[in-house]
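Chain order of the listed sequences is A and B. Each residue of the first sequence is one higher than the last, beginning at 1 in my numbering. Each residue of the second sequence is one higher than the last, beginning at 1 in my numbering. The structure appears right after this line, and notes come after that.
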Amino acid sequence: MYPLGVYARRIVLVMTVPLTLLGLMERRPQHGYDLKRDYDTWFGRDKPLSYGQIYNTLARLTRDGKVVVSDIAPGAGPDRKQYVITGDGATEFDAWLRSPVEPEPHLQTTLFAKVTLALMLERDASGYLDRQRAAHLRRMRELTEVKRSGSLVDALLADHGLFHLEADLRWIELTTARLDQLAREVGR
Amino acid sequence: MSLLEARDLELHFGPTPALQRASLTVQAGELLAIMGPSGSGKSTLLHCLAGILVPDRGEVHFDGARIDGLNETARSPLRRDAFGFVFQFGQLVPELTAEENVALPLLLNKVGRRQAIQEARSWFPRLGLDGLEQRRSGELSGGQAQRVALARGMVARPRVLFADEPTGALDSLTGEHVMDLLVESARAHGTSVVVVTHEPRVAAYADREVVVRDGRVLAVAALS
Ligand SMILES: Nc1ncnc2c1ncn2[C@@H]1O[C@H](COP(=O)(O)OP(=O)(O)OP(=O)(O)O)[C@@H](O)[C@H]1O
Ligand SMILES: [Mg+2]
């Protein structure tokens, strides 16, 4: 359990972009342009990726052996290249997809990305949601204990975390109940 | 060994399967939360564990003995002596005052009336119910009645308290107060608590949670 002070100060920067792109390439090999379009459609409605971000991320993934470039199409220029996920990339993506995210407030985009990608790739989205629920409740138990044993200030800080995690959990329940529907929409 | 165990319970209401091979264990002194969508079978499971409903198939064991096969004459003292209840609906006896309602489990256990009422009264200030001792259930708000029911569930210090949405009618602050008291009292007397709730913040008071879906108790894979 984190000390409450750390919890309150903790700012989460979850690195979901590279993993989400890996997931989209797991679906099928992609041109940079298509990757951007898919990403923006599903995960970037509020915050589309720039081409710079896309190609920088792809360059890093390529350097790390998670992705290889296949130049099948004739001609030159970045848009001719197709990016293909490697075995290493697929393993890393799979591990990420299955593991619950560390429960912190403001996670919704990561939870959403995992559920959507799991459905796109016909993986076990419901199993993931169950694991995420268990992780959330475990964190909520810790915060409840802090609240029961600490000062009023601790209690109020813990409550802030509890209400936010509860909001995530409600979303998890609702999404669990609507997985079939969502799968149809995502599978199109 | 676990204090209470359900093994592969099945129960139908007519054609509706309410439980399908539901299994569950509760350790002595453990607080277990049962969560899950409406209509998934949580109350039915609780009632089977508590010997109120008899499953069509499967076994319920309490304290080393099988209790699902017992006839009503044998089950009713068990419910009276070893179990406490806070139900989801219609719980208080309308003809009795609030304090008589709380004293009821003690009276049924042959505690003298004076002592039973005195013990019952000691719960009122702790639950924020000062001055309501003489009211009848029709004269209490939903949340007040729920707290009276909670006191009644705990007053005889049962081995297991079964609580079905015990904070359903309460605002968050009162709900928390009630859960604090429930946990404190359960820990002090080694009472196991099985609480059905759809509120994550209530479930977070428990040591462990299980999820019921379509009449089954889900096994959530251990976290990596
Ligand atoms: N007495 C009854 N007669 C017929 N069907 C019943 C009866 N009690 C429950 N059911 C049905 O059994 C299923 C499980 O009901 P149960 O009351 O256990 O659900 P629950 O999980 O407690 O739901 P809630 O969260 O709404 O209280 C439901 O489909 C319900 O309609
Ligand atoms: Mg119910």
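Glycine included, each C-beta is placed from N, C-alpha and C at the ideal position.
Compare the C-beta of A/T110 with all C-beta atoms of chain B and state if any pair is closer than 9 Å.
Closer than 9 Å: no.
- B/S40, buried or exposed, once every other Cβ within 10 Å from all chains shown has been counted against 16: Buried, since its Cβ has 16 or more Cβ neighbours within 10 Å.
Practice problem: Give the secondary structure of B/L11 by DSSP, where H, G and I count as helix, E and B as strand, and everything else as coil. | Solution: In the three-state reduction of the DSSP assignment, B/L11 falls in the strand class.
**Request:** Would you be able to state if there are at least three C-beta pairs under 8 Å between the region 189–207 of chain B and the region 26–45 of chain B?
**Result:** A contact is defined here as three or more CB-CB pairs under 8 Å, and the region 26–45 of chain B meets this definition with respect to the region 189–207 of chain B.
Taking 7 Å as the limit between beta carbons, can you name the residues of its chain near A/D88, skipping five residues before and five after?
Only residues of its own chain outside the window of five on either side were considered, and among them G65 and K66 have a CB closer than 7 Å to the CB of A/D88, listed in chain order.
Problem set entry | chain B contacts from the region 128–156 of chain A (Cβ-Cβ distance under 8 Å) | From the region 128–156 of chain A, only D130, R131, R133, A134, A135, H136, L137, R138, M140, R141, L143, T144 and R148 have a Cβ closer than 8 Å to chain B.
- prompt: By the 10 Å Cβ neighbour count, where 16 or more other Cβ atoms means buried, how is B/G138 classified, buried or exposed?
  reply: Sixteen is the threshold: since fewer than 16 other Cβ atoms of the shown chains lie within 10 Å of the Cβ of B/G138, the residue is exposed.
field: Rounded straight-line distance, which links the Cα of A/E122 to that of A/G44
entry: Rounded to whole angstroms, A/G44 to A/E122 spans 21 Å at the Cα level.
Checklist entry - Is B/E165 near ligand 1, in the sense that its beta carbon is under 8 Å from a heavy atom of that ligand? => result Under cutoff, so the answer is yes.
Q: Write down the C-beta distance between A/F93 and A/L19 rounded to the nearest angstrom, noting that I regard them as a contact closer than 8 Å.
A: Confirmed, Cβ separation roughly 6 Å.
Report yes or no: is there a C-beta of chain B within less than 9 Å of the C-beta of A/F163? Yes, its Cβ sits closer than 9 Å to a Cβ of chain B.
- Query: In this structure, what does DSSP give as the bridge partners for A/L83?
  - Reply: Reading off the sequence, residue 83 of chain A comes out as Tyr, not Leu. A/Y83 is bridged by DSSP to A/Q30 and A/V69.
- Query: Alpha carbon to alpha carbon, how far is B/L170 from B/Q146?
  - Reply: Cα to Cα, B/L170 sits roughly 8 Å from B/Q146.
Practice prompt. Look up B/E59 in the DSSP assignment and give the residues it is bridged to.
Written response: Looking at the DSSP output, B/E59 bridges to B/R7.
_Three-state secondary structure (DSSP) of B/D164_ = In this structure, DSSP gives B/D164 an extended state, which the three-state scheme calls strand.
**Prompt:** Going by Cα to Cα distance, which pick from A/L35, A/G150, A/W171 and A/E142 is closest to A/V84?
**Reply:** Residue nearest to A/V84 within the set A/L35, A/G150, A/W171 and A/E142 is A/L35 (criterion: CA-CA distance).
Near B/R208, what residues of its chain come up, given a Cβ to Cβ distance below 6 Å and the 5 sequence neighbours on each side ignored? For B/R208, same chain residues with a beta-carbon under 6 Å away, outside a window of 5 residues either side, are L32 in chain order.
task: Taking the CB atoms as reference points, tell me whether B/A156 and B/D81 lie closer together than 9 Å.
output: Yes, these two residues count as a Cβ contact at 9 Å.
Exercise. CB-CB under 6 Å to B/F85, same chain, minus the five flanking residues each way: which ones, in chain order?
Worked result: Only G153 and F162 meet the Cβ criterion.
*Would you say B/L108 and B/C48 are within 9 Å of each other, going by their C-beta atoms?*
No.
So what does DSSP say about B/E30, is it helix, strand or coil? The three-state secondary structure of B/E30, taken from DSSP, is coil.
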